[in-house]
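Numbering (full-length UniProt numbering), first residue to last: 1 to 198.
(1) Between which two residues does the alpha helix (DSSP H) carrying residue 126 extend?
(2) Can you give me the C-alpha to C-alpha distance between residue 157 and residue 163, rounded to a whole angstrom?
(3) Just to confirm the assignment, what range does the alpha helix (DSSP H) spanning residue 90 have?
(4) Look up residue 163 in the DSSP assignment and give the residues it is bridged to.
(5) Beta-carbon separation of residue 118 and residue 150 under 9 Å?
(6) Between 21, 83, 28, 1, which lies nearest to residue 40 when the distance is taken from Cα to Cα?
(7) Under the rule that 16 or more other beta-carbon atoms within 10 Å means buried, what is residue 175, buried or exposed?
(8) Answer with buried or exposed for residue 24, where buried requires no fewer than 16 other C-beta atoms within 10 angstroms of its C-beta.
(9) According to DSSP, residue 150 sits in a beta bridge with which residue or residues?
(10) Within the same chain, show all residues whose beta-carbon is closer than 7 Å to that of residue 152, passing over the 5 residues directly before and after it, in chain order.
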């Protein structure tokens, strides 16, 4: 993107500040998306300023920027949407986490997805705990019925009559389960994003 040059230093400072704000708001996006948004807004400013030649440069720029709106407000939904697209394409947990944070204010459904991913992190925590305390963590049944997937203190296991049914198979069962659930949740998130476009 070629920056616009202004004759008045104050106009240049206003423009540079606005462009910096756009860059800051679009920072979570990949380089291509950032540049696309920046070029689009820059071209609006350029075209708006060409139409006003010979008039007060500072006043015209301020009016134009006010019409475009604050980058923090106008770009928030676009950045959230683009980040969600990136996350569901790459399956990258970092991108998914950032996308959910950006989209959390866009509806209850994103809170639901955030809770699903948190549950997966809970499963990872259980695997770590199983390595540390193998007898306290597992899939517990009572009288042949499911009771708990998690941790229990050793003394409560006998008192409640709980039996851990997976034993040494807990980690080999949990790892593929986490991977499959992660893929399924991310595919559901992708489906949700696509249904929103329709």
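Beta carbons are placed, not taken as given, at the ideal position from N, Cα and C, and that holds for glycine.
As the structure is a computational prediction, the values presented were derived from the model and not from experiment.
Taking the coordinates as given:
(1) Run containing residue 126: 108 to 132, per the alpha helix (DSSP H) assignment.
(2) If you take the alpha carbons of residue 157 and residue 163, they lie about 7 Å apart.
(3) Start and end: 76 to 90.
(4) BP columns for residue 163 point to 141.
(5) Result no, Cβ atoms of residue 118 and residue 150 do not sit closer than 9 Å.
(6) Of the candidates 21, 83, 28, 1, the one whose C-alpha sits nearest the C-alpha of residue 40 is 1.
(7) Here residue 175 is exposed, its C-beta having fewer than 16 other C-beta atoms within 10 Å.
(8) It counts as exposed.
(9) Answer by DSSP bridge pairing, in chain order: 138.
(10) Once the five neighbours on either side are set aside, the close Cβ partners of residue 152 are 136, 140, 162.
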